[in-house]
Amino acid sequence: MSAIILSGKELAAQLETPQAQRVRDLQARGVSPKLVVVMAGDNPASAIYVRNKARACERLGILSDTIHLSQTVSQQELLRVIDGLNADPTVHGILIQLPLPEHLDEDAALLRVNPAKDVDGFHLYNAGRLLRGEDGMRPCTPQGIVRLLKSAGIALDGARAVVIGRSNIVGKPAALMLTQENCTVTLCHSHTRDLAQITCQADILVAAVGKPRFVTADMVKPGAAVIDVGINRVDGKVVGDVDFDAVSAVAGFITPVPGGVGPMTVSMLMENTLEAAWKASR
Ligand code: NDP
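One rule links them: number in the numbering used here = place in the sequence shown (from 1) + 1.
Right under this line is the structure:
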């Protein structure tokens, strides 16, 4: 068996047509959607991610700006910048690019963002709404995973889903979003016993571990949909958390790395920004 490739790159490209139309609809109502990214310091990976986000905005006609603070910026100055963006009615989305330099309090920065402009969905208010199954800004990566599964026509209702990784930005919200789609979800982590026995039962397996080729073919149920969130650099090459070649021979569907979840994360950031602009225009 050779798995069907779930291309996030292709789906994200397809979604740009309706997204660009939404931008034009908003403009017709006198609203120019705008995303502002706040970054601090010179993390090279962050610089690449920020550039990708700015390019996506440009393709759609979303205004974007990056506020690049110095490596030594104070917490007070960071919070002052966020307050200014919260108060600016022309700004619809605010994204704090993580990681921040170590001396800064990330949680305090994320909490300072107006939840209505929290396009990353990391604010406690939005996290709480997700926990309760209520509408709100959803974190982009899990949102992208669900969109990718749905676009391939993979049945979620009643499916057994296993998520490996319990971070607040990927694993936990992915488990909650799949629960909301009526999957029966098991959330695994580094203390999980008999991991392979659990993953082998998964119709949908999400790997968000951060360890290259962690998921091997013997951990996958034949025909399962395998979603690889990992971004790992090995010998100058980007690889996922899944042993792609071996798992492709067992799985029914698989996301590639690169070109899988990554482009969907950016695409969902665009959706969240458009949603925030639309809500602000009502
Ligand atoms: P974290 O490091 O925050 O979380 C990793 C999780 O993996 C933890 O919950 C940890 O468990 C679990 N884990 C570690 N080792 C094992 C093990 N041996 N068995 C089972 N579970 C284990 O990572 P993130 O969630 O932030 O990111 C995960 C990966 O996804 C990274 O490669 C990251 O770069 C990538 N990523 C990709 C994005 C995209 O758009 N494609 C977006 C965000 C992240 P424990 O909690 O017990 O320590």
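Built from N, CA and C at the ideal position, the CB exists for glycine as well. Since the model is a prediction, treat every value here as computed from it, not as a measurement.
Taking 8 angstroms as the cut-off, does the stretch 67-81 touch the stretch 20-33 (at least 3 CB pairs, one atom from each stretch)?
Touching, no, given that fewer than three Cβ pairs across the two stretches are closer than 8 angstroms.
For the ligand NDP, any of its heavy atoms closer than 7 angstroms to the Cβ of Leu196?
Counted from its first residue, the sequence shown places residue 196 at position 195. True, at least one ligand heavy atom lies under 7 angstroms from that Cβ.
Please classify Asp119: does DSSP put it in a helix, a strand, or coil?
Position 118 of the sequence shown holds residue 119. Here Asp119 sits in strand by DSSP.
Quick check for students: name the residue ranges of the alpha helix (DSSP H) that lie wholly in the stretch 191-254, counting only runs of 4 or more.
If we require 4 residues or more, the alpha helix (DSSP H) runs fully inside the stretch 191-254 come out as 196-200 and 245-249.
For Ser168, which residues in the same chain have their Cβ closer than 8 angstroms to its Cβ, ignoring the five residues on either side in sequence?
Start at 1 with the first residue of the sequence shown, and residue 168 comes out as number 167. Closer than 8 angstroms at the Cβ level, and outside the excluded window around Ser168, lie Ala209.
Is Lys212 near the ligand NDP, going by C-beta to nearest heavy atom under 7 angstroms?
As a working mapping, residue 212 is identified with position 211 in the sequence shown. Under cutoff, so the answer is yes.
In whole angstroms, what separates the C-alpha of Ile228 from that of Arg30?
As a position in the sequence shown, residue 228 is number 227, starting the count at 1. As a position in the sequence shown, residue 30 is number 29, starting the count at 1. Our two residues, Ile228 and Arg30, have alpha carbons roughly 38 angstroms apart in a direct line.
With the cut-off set at 8 angstroms, would you say Ala41 and Leu101 are in Cβ contact?
Stepping through the sequence shown from its first residue, residue 41 is reached at position 40. Stepping through the sequence shown from its first residue, residue 101 is reached at position 100. Result yes, Cβ atoms of Ala41 and Leu101 sit closer than 8 angstroms.
I need the boundaries of the beta strand (DSSP E) containing Val186, first residue and last residue.
Indexing the sequence shown from 1 puts residue 186 at position 185. Element bounds for Val186: Thr185 to Cys189.
Hey, would you say the C-beta of Gly166 is under 7 angstroms away from at least one heavy atom of the ligand NDP?
If you number the sequence shown from 1, residue 166 lands on position 165. At least one heavy atom of the ligand NDP is found less than 7 angstroms from the C-beta of Gly166.
Tell me whether the beta-carbon of Pro257 lies closer than 8 angstroms to the beta-carbon of Ser3.
Sequence index remark: in the sequence shown, residue 257 carries index 256 (1-based). Sequence index remark: in the sequence shown, residue 3 carries index 2 (1-based). Going by C-beta atoms, Pro257 is not nearer than 8 angstroms to Ser3.
When DSSP builds the beta bridges, which residues end up paired with Thr67?
The residue labelled residue 67 in the question sits at position 66 within the sequence shown. In DSSP, Thr67 forms a bridge with Val38.
Entirely within the stretch 54-116 and at least 3 residues each: give me those beta strand (DSSP E) ranges in chain order.
For the stretch 54-116, whole beta strand (DSSP E) runs of length 3 or above, ordered along the chain, are 64-70 and 94-97.
Report the rounded CA-to-CA distance for Asp136 versus Val114, giving the unit in angstroms.
Counted from its first residue, the sequence shown places residue 136 at position 135. Counted from its first residue, the sequence shown places residue 114 at position 113. Cα to Cα, the separation comes out at about 18 angstroms.
Check whether the Cβ atoms of Lys118 and Ile97 lie closer than 8 angstroms to each other.
Looking up residue 118 in the sequence shown gives position 117. Looking up residue 97 in the sequence shown gives position 96. No, the pair does not count as a contact, with Cβ atoms beyond the cut-off.
Closer than 7 angstroms: is that where the CB of His192 sits relative to any heavy atom of the ligand NDP?
Position 191 of the sequence shown, counted from the start, is the residue given in the question as residue 192. Yes, the beta carbon of His192 sits closer than 7 angstroms to at least one heavy atom of the ligand NDP.
Is it the case that the Cβ atoms of Val38 and Val51 are separated by a distance below 8 angstroms?
Residue numbering aside, residue 38 sits at position 37 when the sequence shown is read from its first letter. Residue numbering aside, residue 51 sits at position 50 when the sequence shown is read from its first letter. In terms of Cβ geometry, Val38 and Val51 form a close pair [threshold 8 angstroms].
Would you please state the rounded distance, in angstroms, between the beta carbons of Pro259 and Val239? I believe it to be under 8 angstroms.
In the sequence shown, counting from the first residue as 1, residue 259 sits at position 258. In the sequence shown, counting from the first residue as 1, residue 239 sits at position 238. Between Val239 and Pro259 the Cβ distance is about 5 angstroms, and since that is below 8 angstroms, they are a contact.
Could you give the DSSP three-state label for Ala21: helix, strand or coil?
Walking along the sequence shown from the start, residue 21 turns up at place 20. Per DSSP, reduced to three states, the secondary structure at Ala21 is helical.
By Cβ distance, which residues of its chain are closer than 7 angstroms to Leu99, with the 5 residues on each side in sequence left out?
As a position in the sequence shown, residue 99 is number 98, starting the count at 1. Only Glu107 meet the Cβ criterion.
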